[in-house]
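Before any comments, here is the structure.
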Amino acid sequence: MLPIQHRMRTSSQFSATFRSGTRSGRRNLVVYTAQKPGNTTRIGFIVSKAVGNAVTRNRVKRRLRELAAATVSTYPQGLYIAVRALPVSAGANWEELRADYQGALESSLKKLDRQDQRCNVENRGGREL
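Each residue of the sequence shown is one higher than the last, beginning at 115 in the numbering used here.
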C-alpha cells in the first residue's frame with residue numbers, strides 16, 4: 115500500500131511534474147518524473163475511462179500503487195512521479211505492468227539526471243569543471 119504522505123493529490127503537483135520533468139513511455143503506461151529536492155517523494159496516477167470500467171481501472175490502480183510503494187522505499191525523498199495508464203493496460207498482466215513501469219521509471223530517471231547535469235553545466239558558464 116502506498117502511504118498517504120507519498121500520494122500526489124493536487125493538480126498543481128501534477129502540473130509541476132509535467133512541466134519541469136521528463137517523460138518516458140512504454141506500451142502500457144507513461145511515467146513523468148520531476149526532481150523536488152527537500153520534499154517527500156510523491157506519486158500520482160492517471161487512469162482514465164478509456165482504460166475500462168470502474169473495476170478494470172481500480173485493478174490497474176491497485177497494481178500501480180503496489181509498484182509505486184517499492185519505488186518510495188528506494189527513493190523516499192526528492193521526486194514527483196506521475197503515472198498515466200494507457201488503454202492497453204487494462205489487458206496487461208502483473209508482469210507486463212511491472213516491466214513497463216520499471217523500464218519507464220529507469221529511463222525517465224536517467225533523462226532527469228542528464229537534464230540536471232546540463233543545467234549544472236549551463237549555470238557554470240558552459241564549461242565543465
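Every residue gets a Cβ at the ideal spot worked out from N, C-alpha and C, and that includes glycine.
Keep in mind the model is a prediction, meaning the values are calculated, not measured.
query: Under 8 Å between C-beta atoms of Ala182 and Ile157; result: yes
query: Contacting residues, own chain, Cβ-Cβ under 8 Å from Thr155 (five flanking each side not counted); result: His120, Thr185, Val186, Tyr189, Pro190, Gln191, Gly192, Leu193, Tyr194, Ile195
query: Segments assigned beta strand (DSSP E), at least 3 residues, entirely inside the stretch 176-202; result: 191-199
query: Coarse secondary structure for Val161, derived from DSSP in three states; result: coil
query: Of the residues Ser203, Arg176, Lys163, the one placed nearest Pro117, counting alpha carbons only; result: Arg176
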